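According to the working numbering, the sequence shown is numbered sequentially starting from 124. Where a beta carbon is used, it is the ideal one built from N, C-alpha and C, also for glycine. Quick caveat: nothing in here was measured; it's all calculated off a predicted structure.
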Amino acid sequence: MSEAEPEEPLEWVVSRTDLEWSALLDVLASHCAGELAAERLRRTRPATSASEARELHRRTAAALAALDLGQPVPAGEIPEVDDVLAHLDRGGVCSGEQLHALTAVLVAARELRAYAAERRGDVPELSEMLATDARLDGLLRSIQRCIDTDGQVKDEASPTLRRARQAIHRTRASLLDSLKKLSTQHKDVLREGNYVERDGRYGLPVRADAHRRVDGIVLGSSATGNTLYIEPPAVTQLGNQLRIAEGDVEREIARVLDELSDEAREQLVALREAYEVALEADRLRALSRWAETTRSRALPLEDTAVLSLVKMRHPLLVTQQIEVVPNDLELTRGKALVISGPNAGGKTVALKSFGLAIWMARAGIPIPCGEGSRLGFVAQVLTDVGDNQSLAQSLSTFSAHVYNLSRILAAADDSTLVLLDEIAGGTDPEEGSALAAAVLEGLVTKGAAVATTTHYERLKELAADDERFVNASVGFDFEAMAPTFTLTMGVPGASSALAVARRFGMPDAVIDRAQTHMSQAAIDREQLLADLQRERRQAKQARERAEQDAEAAAVLRSELEEERAIVRAKERKKLQRESATLMSDIRRARAKLRDLDEAIATGGKRGAAKRVDEAASVVAIGSRLDEALRPDEPPKPMLPDGALEVGARVYVERLGTDAKIVEGPSKGEVKVQAGAFAIRVPVEELRVPGKVK
């Protein structure tokens, strides 16, 4: 009696369909380079332990780090070689086609080894993951030297094989030449053509009534018996030589394949590792491309009871050409989130987003959420979403739902996320809401994190009396007559059934008549919730506008700072150029001073006086060169009217220092004295002086 197959975990049985896990994996697999890696990715299951999940996250994070550096993980088509490896493991000899299949793995291993070496400095984790045995390169060279791309053994595989094949070519050529000559010699008794081949032997098609005119072995006859196929003695000898040469080739090919198989078998462990590394590289490449396309991030699993997703977008919706409204989702173990609001408003999408995010984190798959998201390890996700009617078990939708609730309630613990869509719906509202409240209380008492959608008012009211319950709602825009798909935490939602009915074409007369059947309290409650949601939505929009304005202001400030820095840099360069000119003038002035010393020494005082003025002007400028290189110092103010009197102190721009006016204005100039030197300067170069020294 065979052993029974292990029972599937309840999580996998009840949740994979509800969460559309297979559809997500199909999307991820489409990013693989090879079909084998894609097929493996489609079989992905969430890790069952925190350590395994963290290892998967570590791998994904390393691949994303390489992507951020502009060096994504390389990957290519890898054929399935499991049978080849198993054949080697059993001691078998591989065919040329099987050995050629290994070259794709070996080439990928070589490329990944080179890539890993390049990434050793910036992404060491990736370097470790993609490392392969360098000795495999020798096996690759051997196979490529001996096996061509069609899986045939090359002549270069051995000198013996080359000689044997050359012998075949020579013998076949001689045989065909002999047949041609014999055909010409006996053409009068031949039926058709020059020769025929039967089971590797060659003969002449001779008329049956003339066969005695041609010596040889009868190989056979035509269907009518009118033609006999005769192998002449000369052809028999050459045919025998051909078969001997062909046998030599077959034996040498077998020897080459045997040696290559032995060489591959010696490195079987390294081969298997390289095979897995190549497929893992393709998986990481697919996850990286998914993350890049959907702006997803790899979330590390933390030691926290809080499950917080910031700006979460449903993973399947982000792949479609539609605008997806991001939502902040938060759950805590031992608490229940009660989501209410209109149908088709996004309640179920929020549930599935939560469940998929947990499974994606456990599988190391990047999640389309924003910065600040946090997830703890959740051992199981138990769901009841959608129509669970079972014809096979004769269960109605409600009966199937209650059956699932019973199993979930029994299996839940403090490491469980429970997602329930329209809990206890489809029955009497009074009893259904009572059952729903009791089930939710039982789940949170066991420490599970729970999220449920509902239209029951009783469940919305639980948060008022029990801190373990938190309300959330999806809104409805009554002006646009459309759901907002925005989830608001802390606020219950109005079902807005009549508004939804109106949106989908229900006649106004029917809507008006329906309102007459509602109690005033129900109408007031719906209106209150709708008003509250509208105010929340308006407040959120105002907050978002304020944040956008603040962000725009910050960007503007940054741009202004950049422009200011550019202007300062330009001013600095200009001052540096001017300072170079000033230094050149100083050198010339010093030369003039040396000439002046000589002129005074020889008694030429009148000529020397003029040269003193010229030199003094430049030397004074040089003495203030440091001040000229201070671009941030504010400019000195202009002189007020009436300040050009003899004896007044002024700041002279060309000197970069204060001076005293010794002669009043004349032709737009004044004479100033700075230290021992006196020169004439234009009035527009004068400024209010600094501190009097």
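Whose C-beta lies closer than 7 angstroms to the C-beta of Lys303 among residues of the same chain, with five residues either side of it excluded?
-> The beta carbon of Lys303 sits closer than 7 angstroms to the beta carbons of Asn317 from its chain, once the five residues preceding and following it are set aside; these are given in chain order.
Own chain residues within Cβ distance below 7 angstroms of Asp245, not counting five before or after | So the list reads Leu192, once near-sequence residues are dropped.
Just confirm the distance between the C-beta atoms of Leu407 and Arg177, as a whole number of angstroms; I'd bet it's less than 8 angstroms.
-> Between Arg177 and Leu407 the Cβ distance is about 16 angstroms, and since that is not below 8 angstroms, they are no contact.
In angstroms with no decimal places, state the Cα-to-Cα distance between Asp749 and Gly770.
-> Confidence at Asp749 is low in this model, with a pLDDT of 49, below 50, so the placement of that residue is unreliable and no value is reported for it.
Taking all protein chains shown into account, decide if Pro819 is buried (16 or more other Cβ within 10 angstroms of its Cβ) or exposed.
-> Lying outside 124 to 816, the shown extent of the chain, residue 819 is not represented and no answer is given.
Exposed unless 16 or more other CB atoms sit within 10 angstroms - verdict on Ile531 = Buried, since its Cβ has 16 or more Cβ neighbours within 10 Å.
Between which two residues does the beta strand (DSSP E) harbouring Lys759 extend?
-> That residue, Lys759, is in no beta strand (DSSP E); it is neither H nor E in DSSP.
Exposed or buried, which one is Ser172 when buried takes at least 16 other CB atoms within 10 Å?
-> With fewer than 16 Cβ atoms within 10 Å of its Cβ, Ser172 is classed as exposed.
Whole alpha helix (DSSP H) elements within the region 463 to 488, 4-residue minimum = As summarised for the region 463 to 488, the continuous alpha helix (DSSP H) elements at least 4 residues long and confined to that stretch are 470 to 486, given in chain order.
Between Leu566 and the rest of its own chain, which residues show a CB-CB distance below 6 angstroms, the 5 nearest in sequence each way excluded?
-> For Leu566, where only same-chain residues beyond five positions count, the Cβ hits under 6 angstroms are Ala535, Val541 and Val573.
State the start and end residues of the unbroken beta strand (DSSP E) segment that holds Leu192.
-> Leu192 -> no beta strand (DSSP E), and no H or E assigned at all.
Alpha carbon to alpha carbon, how far is Tyr238 from Asp212?
-> One alpha carbon belongs to Tyr238, the other to Asp212, and they sit about 29 angstroms apart.
Given His437 as reference, the closest of Ile462, Pro328, Lys470 and Ala409 once Cα atoms are compared = Looking at the Cα atoms, Lys470 is the closest of the given residues.
Residues that DSSP places opposite Ser76 in a beta bridge | Any answer about residue 76 is impossible in this case: the structure gives the chain only from 124 up to 816.
What three-state label does DSSP hand Glu369 in the structure shown?
-> Looking at Glu369 - three-state DSSP - the assignment turns out to be helix.
Going by CA-CA distance only, name the one from Arg668, Ile546, Val204 and Lys693 that's closest to Ser522.
-> Out of Arg668, Ile546, Val204 and Lys693, Ile546 has the C-alpha closest to the C-alpha of Ser522.
So Val341 is in the alpha helix (DSSP H); what residue range does that whole segment cover?
-> Not the alpha helix (DSSP H): Val341 falls in the beta strand (DSSP E), residues Ile340 to Ser344.
Length of the line joining the Cα atoms of Pro630 and Ala467 = Taking the straight line from one Cα to the other gives about 19 angstroms.
Tell me whether Ala904 sits in a helix, a strand or coil according to DSSP, three-state version.
-> What is shown of the chain runs 124 to 816, which leaves residue 904 out entirely.
Looking at C-alpha atoms only, which residue of Ile340, Val312, Asp332 and His334 is the closest neighbour of Tyr325?
-> Of the candidates Ile340, Val312, Asp332 and His334, the one whose C-alpha sits nearest the C-alpha of Tyr325 is Ile340.
State the beta-bridge partners of Tyr352 as determined by DSSP.
-> BP columns for Tyr352 point to Pro328 and Gly343.
Do Arg711 and Met761 have their C-beta atoms within less than 8 angstroms of each other?
-> No, they are not a contact pair.
Could you give the residue range of the alpha helix (DSSP H) that holds Glu580?
-> Counting along the chain, the alpha helix (DSSP H) containing Glu580 begins and ends at Glu580 to Asp588.
8 angstroms Cβ cutoff met for Val508 and Lys475 | It is a contact, given that the beta carbons lie within the stated cut-off.
Since Pro465 contacts Arg420 with CB under 8 angstroms, what's their CB separation in whole angstroms?
-> About 31 angstroms separates the beta carbon of Pro465 from that of Arg420, a gap too long to meet the 8 angstroms contact definition.
Local conformation of Phe521 per DSSP, three classes | Reduced to three states, the DSSP call for Phe521 is helix.
Assigned secondary structure, Arg687 (DSSP; H/G/I helix, E/B strand, else coil) | In the structure shown, Arg687 sits in a helix (DSSP, three-state: H, G or I).
Between which two residues does the beta strand (DSSP E) harbouring Met435 extend?
-> Segment Val429 to Met435, the beta strand (DSSP E) holding Met435.
Anyone know if the C-beta pair for Val230 and Leu394 falls short of 8 angstroms?
-> No; because the gap between Cβ atoms is not below 8 angstroms, this pair is not in contact.
Could you tell me whether the Cβ atoms of Arg236 and Ala254 are closer together than 8 angstroms?
-> Yes, these two residues count as a Cβ contact at 8 angstroms.
Residues near Ala515 in its chain [Cβ-Cβ closer than 7 angstroms; skip 5 each side] | Any reading at Ala515 is ruled out, since the residue's pLDDT is 36, under 50, leaving its predicted position unreliable.
Helix, strand or coil at Asp507 according to DSSP, with G and I counted as helix = Collapsing the DSSP output to three states places Asp507 in a strand.
Tell me, please, which residues DSSP counts as bridged to Lys303.
-> The partner list for Lys303 (beta bridge, DSSP) is empty, contrary to what the question assumes.
At what residues does the beta strand (DSSP E) containing Pro788 begin and finish?
-> Counting along the chain, the unbroken beta strand (DSSP E) around Pro788 starts and ends at Thr780 to Ser789.
8 angstroms CB neighbourhood of Asn349 in its chain, flanking five on each side removed | Within the same chain, Cβ atoms closer than 8 angstroms to the Cβ of Asn349 are found at Arg314, Arg330 and Ala331, the five residues on either side in sequence being excluded.
What do you get for Gln503, buried or exposed, if any count of 16 or more other CB atoms within 10 angstroms of its CB means buried?
-> With 16 or more Cβ atoms within 10 Å of its Cβ, Gln503 is classed as buried.
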